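Visitor: Before anything else, here's the structure in question.
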Amino acid sequence: MKKQQTQPTPETLDRIKSVVGPQGWSLDPNELADHLVEWRQQWHGQTSLLVKPATSEEVAAIVRICAETATPIVPQGGNTGLVGGQIPFHNEILLCFNRLNKILSVDTVNNTISVQAGCVLAAVQDAAEKVDRLFPLSLASEGSAQIGGVLSTNAGGNAVLRYGTARNLVLGLEVVTAQGKIWDGLKGLRKDNTGYDLKQIFIGAEGTLGIITAAVCKLLPKPRDVVTALVALRDVAAALEFLTLSQTACGDLVSAVELIPRIGIEFVIRHVPDARQPFSPLNEWNVLIEFSTAQYPGTLRPTVETLLERALERGFVLDGVIAESGPQAAQLWLLRERLSEVQRYEGGSLKHDISVPVSQIATFLDQATRAVTAAIPGVRPVPFGHIGDGNIHFNLSQPTDMDTEAFLNRREEIARLVYDIVVSLGGSISAEHGVGVAKRDEIRRYKSAVELSVMKSLKHALDPQGILNPGKVV
Ligand code: ZN
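When you line the sequence shown up against our numbering, it's residues 1103 to 1576, in that order.
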């Protein structure tokens, strides 16, 4: 939206401060620092006031003042987003949910948990665990990511194949509208066909249509038996054959399938002291696969062993290890979970969070690798991720002998090469990280005029003044 942004007057700031009281706001530079820069130091913001409301009513009262005075406001969860969606770039009011962090209720018959937006994802997982249930959303940043942010960005992670993205795990929401009204949609219903599904409009909207203050999430049966294996494969096509064979043999027991290239394992072993090489020699393409069931332990492992034997016989699996214990499974997961982070020790990296239909993954990797290698000879592709749901993190580490700045300056040109291939294969240029500011201009290029116009109509209808997270998404 091209709306002229208003800087808040001292009077507006005083009114907001009086809503939350002395505990509920801050201008302390030390406290602000945690909220104005994200962990990779890529995005830097500034704010006229950090507000920390303690109730949904306070959030609503703050937004009412913002609406009356056309004051822009940016909601921020655990500040773990990767596309700058949570950063105030133009001195907006910054809304923090750290004090809205209560588990409201747990219902083990309805299998639901109601939580406030500031609950950390790991705390929701723990609350589920305590009542012998699973909240399956799982991400590298789960120790800091908050449920409001996770829902506002429709986060994905490692368990999407079996349980879906954040969107699939929500039954109800409480939302503060751009007018400062509270919509209480905290229903724990699995069936509700009374018109538009409003909650889905706010999920994945990155705080641009309304502010999520609480949610009712689904709980699932807790897995009692988990088998984790790392498998070396002939090539990417073989990885897809292995995925299909696993799903045919084991159905929805397959809970995660993650692609890891040799260079990724080498990076982790080089930079993480606890990491160990899973087999020798290392193979070009590997898949970390996890099976789980709510049944009592015993039946799963023989099933997985039979599956691996069959895959070895067919020649698309070359080698494999099945974890013998929880710590060994954690060792295997370490190779996957530290992958994104260790790239920073290998110089500059260009990251592309993309998805294509699972059947197109081998074609995508082949075409994209050729294109980027032709553009920058010596570039080191480190494609990894959620091959089971078609989401690849097509990350590129710089050539070892290239200047980092010169490499990073090729960002836009390389993104265009990668995204053109993605879109030609029916894929998406942002699979799970969202749009924020990082991809706002890109979606204008890759989404259809009709799609963009519907998005703008929605934004205009719900937030006509453009005060909610301005400059993000649309
Ligand atoms: Zn991911």
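Glycine included, each C-beta is placed from N, C-alpha and C at the ideal position.
Just so it is clear, the structure is predicted and the values come from calculations on it, not from any experiment.
Using the rule of at least 16 other Cβ atoms within 10 Å of the residue's Cβ for burial, across every protein chain shown, is GLY1366 buried or exposed?
Guide: Locating residue 1366 in the sequence shown gives position 264, counting from the first residue. Label assigned to GLY1366: buried.
Visitor: Is the beta carbon of ALA1165 less than 8 Å from the beta carbon of GLY1126?
Guide: Working through the sequence shown from its first residue, we reach residue 1165 at position 63. Working through the sequence shown from its first residue, we reach residue 1126 at position 24. The identity of residue 1165 in the sequence shown is Val, whereas the question assumes Ala. The answer is no: Cβ separation not under 8 Å.
Visitor: Going by DSSP in three states, THR1475 sits in which element: helix, strand or coil?
Guide: Within the sequence shown, the letter at position 373 stands for residue 1475. Helix, per DSSP.
Visitor: Let me check you understand the geometry: is the CB of HIS1488 closer than 7 Å to at least one non-hydrogen atom of the ligand ZN?
Guide: The residue given as residue 1488 occupies position 386 in the sequence shown. The answer is yes for HIS1488.
Visitor: Let's test the definition: count the other Cβ atoms within 10 Å of the Cβ of LYS1558 and tell me whether it reaches 16, buried, or not, exposed.
Guide: Taking the first residue of the sequence shown as 1, we reach residue 1558 at position 456. With fewer than 16 other Cβ atoms within 10 Å, it is exposed.
Visitor: Please determine, among THR1471, ARG1326 and ASP1228, the residue with the shortest C-alpha to C-alpha distance to GLY1400.
Guide: Taking the sequence shown and counting its residues from 1, the one referred to as residue 1400 is at position 298. Measuring from the Cα of GLY1400, the nearest candidate turns out to be ARG1326.
Visitor: Go ahead and pull the three-state DSSP assignment for SER1075.
Guide: The requested residue 1075 is not part of the displayed model; the chain covers only 1103 to 1576.
Visitor: Between ILE1215 and ALA1225, which are expected to be in contact by the criterion C-beta below 8 Å, what is the C-beta distance as a whole number of angstroms?
Guide: Position 113 of the sequence shown, counting from 1, holds the residue named residue 1215. Position 123 of the sequence shown, counting from 1, holds the residue named residue 1225. Actually they are not in contact, since the Cβ atoms of ILE1215 and ALA1225 sit about 11 Å apart, beyond 8 Å.
Visitor: Sorry if obvious, but does the Cβ on GLY1258 come closer than 7 Å to a heavy atom of the ligand ZN?
Guide: As a first step, residue 1258 is located in the sequence shown; it is residue number 156 there, counting from the start. Under cutoff, so the answer is yes.
Visitor: Is it right to say ASP1491 is buried, meaning 16 or more other beta carbons lie within 10 angstroms of its own, or is it exposed?
Guide: Here residue 1491 corresponds to residue number 389 of the sequence shown, with the count starting at 1. Under this definition ASP1491 is a buried residue.
Visitor: Helix or strand or just coil, what does DSSP make of GLY1422?
Guide: Counted from its first residue, the sequence shown places residue 1422 at position 320. Strand at GLY1422.
Visitor: Does the distance from the C-beta atom of VAL1474 to that of LEU1498 stay below 8 Å?
Guide: Here the question's residue 1474 lines up with position 372 in the sequence shown. Here the question's residue 1498 lines up with position 396 in the sequence shown. Taking 8 Å as the Cβ cut-off, VAL1474 and LEU1498 qualify as a contacting pair.
Visitor: Taking the continuous beta strand (DSSP E) assigned at HIS1495, which residues delimit it?
Guide: Position 393 of the sequence shown, counted from the first residue, corresponds to residue 1495. HIS1495 -> beta strand (DSSP E) spans 1493-1499.
Visitor: Find the nearest neighbour of ASP1455 within the set ILE1478, GLN1430 and ILE1531, judged by alpha-carbon distance.
Guide: Position 353 of the sequence shown, counted from the first residue, corresponds to residue 1455. Answer by Cα proximity: ILE1531.
Visitor: Who are the Cβ neighbours of ALA1268 in its own chain at under 7 Å, not counting the five residues just before and after it?
Guide: Mapped onto the sequence shown, residue 1268 falls at position 166. LEU1239, VAL1252, LEU1253, ASN1256, ALA1257 and ILE1305, listed in sequence order.
Visitor: Using DSSP with H/G/I as helix, E/B as strand and the rest coil, what is ASP1286?
Guide: The sequence position of residue 1286 within the sequence shown is 184, counting from 1. Note: ASP1286 maps to strand in three-state DSSP.
Visitor: Quick check on SER1207: buried or exposed, where buried means 16 or more other Cβ atoms within 10 Å of its Cβ?
Guide: Start at 1 with the first residue of the sequence shown, and residue 1207 comes out as number 105. Exposed: under 16 other Cβ atoms inside 10 Å.
Visitor: So what does DSSP say about TRP1435, is it helix, strand or coil?
Guide: On the sequence shown, residue 1435 is found 333 positions in, with the first residue counted as 1. Helix, per DSSP.
Visitor: Please return the same chain residues whose Cβ sits closer than 8 Å to the Cβ of VAL1370, not counting the five positions on each side in sequence.
Guide: Translated into positions along the sequence shown, residue 1370 becomes position 268. Result list for VAL1370: ALA1377, LEU1436, LEU1437, ARG1440, LEU1441 and VAL1444, in chain order.
Visitor: Measuring only the C-alpha atoms, how far is ASN1270 from GLU1360?
Guide: Along the sequence shown, one-based indexing puts residue 1270 at 168. Along the sequence shown, one-based indexing puts residue 1360 at 258. For ASN1270 and GLU1360, the distance between alpha carbons rounds to 20 Å.
Visitor: CB of GLU1534 to nearest heavy atom of the ligand ZN: below 7 Å?
Guide: Your numbering for residue 1534 matches position 432 in the sequence shown. Yes, the beta carbon of GLU1534 sits closer than 7 Å to at least one heavy atom of the ligand ZN.
Visitor: With a threshold of 6 Å on Cβ separation, who are the neighbours of GLY1538 within its own chain once the five nearest residues in sequence on each side are excluded?
Guide: Walking along the sequence shown from the start, residue 1538 turns up at place 436. The answer, listed in chain order, is VAL1185, GLY1186, GLY1187 and LYS1574.
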